[in-house]
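Chemist: The numbering of the sequence shown is this note's numbering, which starts it at 10 and goes up by one.
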Amino acid sequence: MNRPTQFGVRRIGEPSPRLRRFEVVGEDADGFLHSFHTDDMQQALDIAEIMRDDLANVRMETHDQGGKLD
10 MNRPTQFGVR RIGEPSPRLR RFEVVGEDAD GFLHSFHTDD MQQALDIAEI
60 MRDDLANVRM ETHDQGGKLD
């Protein structure tokens with residue numbers, strides 16, 4: 010299965026590039042946001058779980074409806 014993904018790092022306050030349907034975002038101790046973009050919800054949930062080990066305030070957002078997922 011082809012599941013295109015993209016990973017990015019940006020400063021807090023910079024806008025998200027909204028590359029895929031789901032974005033998982035977490036903050037590091039230096040004030041950078043690490044984001045992982047995918048169209049696969051299960052993959053996003055798996056990445057969020059992994060990111061929680063190293064990053065603070067990990068959250069998943071959906072860009073097709075403009076909202077945040079809990």
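Just so you know, even glycine gets a beta-carbon here, dropped at the ideal spot from N, CA and C.
These figures come from a predicted structure and were not determined experimentally.
1. Among residues of its own chain, excluding the 5 on either side of ARG19, which ones have a beta-carbon nearer than 6 Å to its beta-carbon?
2. State the CB to CB distance for the pair GLY35 and ALA65, rounded to an integer number of angstroms; the pair is presumed to be in contact (CB under 8 Å).
3. Can you tell me whether PHE16 is buried or exposed? The criterion is at least 16 other CB atoms within 10 Å of its CB, across all chains shown.
4. Does DSSP put ALA38 in a helix, a strand or coil?
5. Compute the distance between the beta-carbons of ARG30 and ASP55, then report whether it is under 8 Å.
6. Note down, in chain order, each residue of its chain lying with its Cβ closer than 7 Å to the Cβ of MET50, except the 5 sequence neighbours on either side.
Modeler: To lay it out plainly:
1. LEU42
2. 7 Å
3. exposed
4. coil
5. no
6. PHE31
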